[in-house]
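Asks:
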Amino acid sequence: MASVPKRLILLILLTSIVEGRLLELSTSDDELISDGIEKQESGGGCSHQYGFLPCAENAAGYIFLIVVYQVLLVVGGRMISSGSEMLLHITGAGKFGGIIFRILMVLPSMMLMILSGIFSSKEGAQSQVAVGVSIYAGITVFSLTIQWGVCMIYGKIDLKMTPNSSSSQILKDTGVKIDKRTSYTAGIMLLSLIPYVVLQLVFFIDTLSGERVITLIAFVISSLSLLSYSAYQIWDPWMQERSLKYSEFDIVRTGFLQHVKRLGQLVNPDGKLNVHLIKGLFDATDNDADNVVAVKELRKLVSNIFRGERTSTEKNDAVDKVMDLFDKNDDDQITEAEFIKGFEQWANEAEKSTSDSDFFPKNMGEQVLNLFKENKENRGQTMDRIMAKILKHAEGHLLKSESLIAENGKPNIDRIKELFKEFDTDGNKSISAPELKQLITRVKFQSYKLNEDDVLRETFREFDQNNSDSIDEPEFVNGMTKYLDKAIRAAHTPQIDGTEIIQDFDRVMWKGAEYGKRDFFRSVFQVLLGIGMLTFLGKPLTTNILQLSNAMGFPSFVISFVVVPLAMNARSAVAAILPASKKSEETASWTFSEIYGGVIMNNMVGLTTLLAIVYAKELRWDFTAEALVILVVCGTIGSLAFFRTTYQLWTCILAFLLYPFSLGLFYFVQISYSWN
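As numbered in mature numbering (1 follows the signal peptide of the UniProt record, and there is no 0), residues -20 to -1, 1 to 656 make up the sequence shown, in order.
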């Protein structure tokens, strides 16, 4: 966290350079000596945004301010991204968490357009909004061309086992396999283009009233599409669940790199990987000195790295991720060369992506297990936490021999019956409220304050099925079995014993409760701070882009359509390399689904926002070129993705070529047909 103020202060200082101009001494009469400075006419001096932000009067000054504002906006965008990802993990898939996450992820590009439209006059809004539209169109094109193609290259696998294939055969015989749900996502992306098709009718209408009718129709369609899409994700949140899985890939890499940094300097002063340090970690991990790291040894390393922060299930998932990435020859062991190569890849990706961990080093959200997310109702969450503590107390303090979970991974019914006898202190074969309260008073509920009477009431409500105000042995066995089954489902790996399963269940449930108290507000603060930065700096950026365009005599879209989207999307493009490079159908599906999902929200939210501004401010629809480019690029890639579950390598060439083609198309329709 300490690095955030330092970086922001440095950037703010850069923007606050005092503007001045040379003062000239009048030399109309060489014999006269002035005792002061002749008053200068200010002429057409530059205008300071908000009355104090720096301004410029030449191209070099505009470029400098654009760079500074862009850097600050990227920082703000990353804060929104980091905070929204954490909020998604806290709320889990379903309800409104995933929808809010998607909207926040596209907010940086939308804010530039919103602010330009709201805070500008009608005349100024036309050109200001055009810059914002070019930025969000550029982000869509970048995602479906450059980012899509890079993920193809890193994720390609052999589709056909053909030895010594020629270069032409490689383009056909290698590629990426994706699942049906990724195709469904691409289909939804195609449906999001319907209002863009409607807007092309504006080109054939000459009257202002007809143009406004078409704009209104497109706005209604776009708004209904956004509402329908949101309702669909709430009803069936499978797309949100994929986003959760996709965002977890950066977790393992960050944990490993932080562990290595604690051992020493990961990168030498010359910028190269500290191979000696990595070799030392390899030797320390290779316990049997056989020059390879086996799964068991890797699991021990992962346990040391995430000590106290992960459940056994999450640690096993981390082992699988590392093994898939490092083990290039699929022999279930990692050689020293593979170990070094894997860390080198991680270090390079971390450097390129400038990970948010530099700003907020602990990604807490991913620690909440799916079991916690499934318990959506407050009462269910509270009861799960109560039972997690009761099980832990019974396992560690009451039972002296066998566990409540048998060696076969099932609830140990005999031990549950023995536990019932320990609670039944008067031996009447039922547990009364006073007897249960004796147990509750001994259970430690940590910092989460629970009223003992409330705990007693909730526990009786859960166990006493016949409302007899006492719990008999069958009711006790059924209730305990229910929660032991929950704990077993949460830790579905056979390598851990019953005690560890119960401890994991307790850790997950209570870490989720504590997490919600502390880090929810931090994530909200990140989002609000990021939104504040975008709100404050969005209009100055668009103003300087227009001024630079006028000063140098070239179209503003060169910057707004190319440079700004590249800066804003570079990190997400690099971050997509890690899951794509696992070269599996599952991770490839998650990666491309994430790209399509981002484009869907960009299309729906972006167009709905734009049309609302155009209609409310009574602007002319002057953005047909941007809409056409989005229509062509999304239609091409979307159709390809919808009708096939295998992307051959040649398709990435098509994607890459679409990027310069979209620039040429954008420029052509403006010059030849005077669009925009």
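For glycine and all other residues, C-beta sits at the position ideal for the given N, C-alpha and C. From a predicted model like this one, the values you see are computed outputs, not experimental measurements.
#1: Just to confirm the assignment, what range does the beta strand (DSSP E) spanning Tyr627 have?
#2: Excluding sequence positions up to five away, which residues of its chain have a Cβ less than 6 Å from the Cβ of Gln50?
#3: Measure the alpha-carbon distance for Pro34 versus Val54 and round it to whole angstroms.
#4: Taking the beta carbon of Trp601 as the centre, do at least 16 other beta carbons fall within 10 Å, making it buried, or is it exposed?
#5: With DSSP as the reference, please indicate the residues paired to Ala274 in a beta bridge.
#6: Taking only runs that begin and end inside the region 129 to 178, name each unbroken alpha helix (DSSP H) of 4 or more residues, in chain order.
#7: Asp300 by DSSP, collapsed to three states: which one?
#8: Measuring CA to CA, which of Phe501, Lys519, Phe505, Ile43 is closest to Tyr30?
#9: With distances taken Cα to Cα, identify the nearest neighbour of Phe641 among Phe400, Glu277, Thr125, Gly578.
#10: Can you tell me the Cα-Cα spacing of Leu521 and Gln127, whole angstroms?
#11: Quick one: any contact between the region 591 to 610 and the region 105 to 113, if contact means 3 or more CB pairs under 8 Å?
#12: Would you decide whether residue 713 is buried or exposed? Buried here means 16 or more other CB atoms lie within 10 Å of its CB.
#13: So what does Pro391 bridge to, in DSSP terms?
#14: Who are the Cβ neighbours of Asp444 in its own chain at under 6 Å, not counting the five residues just before and after it?
#15: In angstroms with no decimal places, state the Cα-to-Cα distance between Phe648 and Ser569.
#16: CB-CB under 6 Å to Lys157, same chain, minus the five flanking residues each way: which ones, in chain order?
#17: Alpha carbon to alpha carbon, what distance is there between Lys140 and Thr165?
#18: Within its chain, find whatever has a CB closer than 6 Å to the CB of Leu638; leave out the 5 residues flanking it on each side and keep chain order.
#19: Would residue 659 and Ser540 be called neighbours here (beta carbons separated by less than 7 Å)?
#20: Going by Cα to Cα distance, which pick from Val193, Asn524, Ser172 is closest to Phe44?
#21: Using C-beta distances below 8 Å, list every residue in its chain close to Ile174, excluding the 5 sequence neighbours before and after it, in chain order.
#22: Keeping to the same chain, check which residues put their C-beta closer than 8 Å to that of Leu416; ignore five residues upstream and five downstream.
#23: Measure the Cβ-Cβ separation of Phe323 and Ile258 and say whether it is below 7 Å.
#24: Beta-carbon separation of Val579 and Met169 under 7 Å?
#25: For Pro545, count the other beta carbons within 10 Å of its own beta carbon; 16 or more makes it buried, fewer makes it exposed. Which is it?
#26: With DSSP as the reference, label Ile46 as helix, strand or coil.
#27: Nearest by alpha-carbon distance to Gly389: which of Leu517, Lys160, Ala467 is it?
#28: In the DSSP assignment, the alpha helix (DSSP H) including residue 658 goes from what residue to what residue?
#29: Compute the Euclidean distance between the alpha carbons of Ala374 and Ile385, then round it to the nearest angstrom.
#30: Compute the Euclidean distance between the alpha carbons of Ile370 and Asn446, then round it to the nearest angstrom.
#31: Per DSSP, which residues does residue 693 bridge with? Please list them.
#32: Where Thr334 and Phe572 are concerned, what is the direct C-alpha to C-alpha distance, given to the nearest angstrom?
Replies: According to the structure shown:
#1: Secondary structure note for Tyr627: its beta strand (DSSP E) is the uninterrupted segment 626 to 628.
#2: Cβ within range, chain order: Ala547.
#3: Those two C-alpha atoms are separated by around 19 Å.
#4: With 16 or more other Cβ atoms within 10 Å, it is buried.
#5: Within the DSSP bridge table, the entry for Ala274 names Gln313 as partners.
#6: Listed in chain order, they are 147 to 153, 160 to 171.
#7: In this structure, Asp300 counts as helix in the three-state DSSP scheme.
#8: Closest option to Tyr30, Cα to Cα, is Lys519.
#9: Each of Phe400, Glu277, Thr125, Gly578 was checked against the Cα of Phe641, and the nearest Cα belongs to Thr125.
#10: If I take the Cα positions, the gap works out to 25 Å.
#11: Three or more Cβ pairs drawn from the region 591 to 610 and the region 105 to 113 lie within less than 8 Å of each other, which places the two stretches in contact.
#12: Here the chain covers residues -20 to 656 and nothing more, so residue 713 does not appear.
#13: Paired residues: Ile385.
#14: Hits under 6 Å: Ile451.
#15: In this structure, the straight-line span from the alpha carbon of Phe648 to that of Ser569 is close to 35 Å.
#16: Around Lys157: Glu565, Thr626.
#17: About 26 Å.
#18: Cβ contact annotation for Leu638 (same chain, cutoff 6 Å, sequence separation greater than five): Thr125, Val613, in chain order.
#19: In this structure the chain extends from -20 to 656, so residue 659 is not present and cannot be described.
#20: With respect to the C-alpha of Phe44, the residue from Val193, Asn524, Ser172 having the closest C-alpha is Asn524.
#21: Same-chain partners within the cutoff: Ile201, Ser205.
#22: Phe403, Leu436, Thr439, Phe440, Ile451, listed in sequence order.
#23: Yes, Cβ-Cβ distance for Phe323 and Ile258 is below 7 Å.
#24: For Val579 and Met169, yes; Cβs fall inside 7 Å.
#25: It is buried - the Cβ of Pro545 has at least 16 other Cβ atoms within 10 Å.
#26: It is helical.
#27: Closest option to Gly389, Cα to Cα, is Ala467.
#28: Shown here, the chain extends from -20 to 656; a query on residue 658 therefore has no answer.
#29: Linking Ala374 to Ile385 through their CA atoms gives a straight-line distance of about 12 Å.
#30: When the Cα atoms are used, Ile370 and Asn446 turn out to be separated by approximately 22 Å.
#31: With the chain represented from -20 up to 656, any question about residue 693 goes unanswered, as that position is not in the structure.
#32: Low per-residue confidence applies at Thr334: pLDDT is 41, beneath 50, and the placement is therefore not dependable, though the value from the model is reported in the following sentence. Taking the CA atoms as reference points, Thr334 sits about 22 Å from Phe572.
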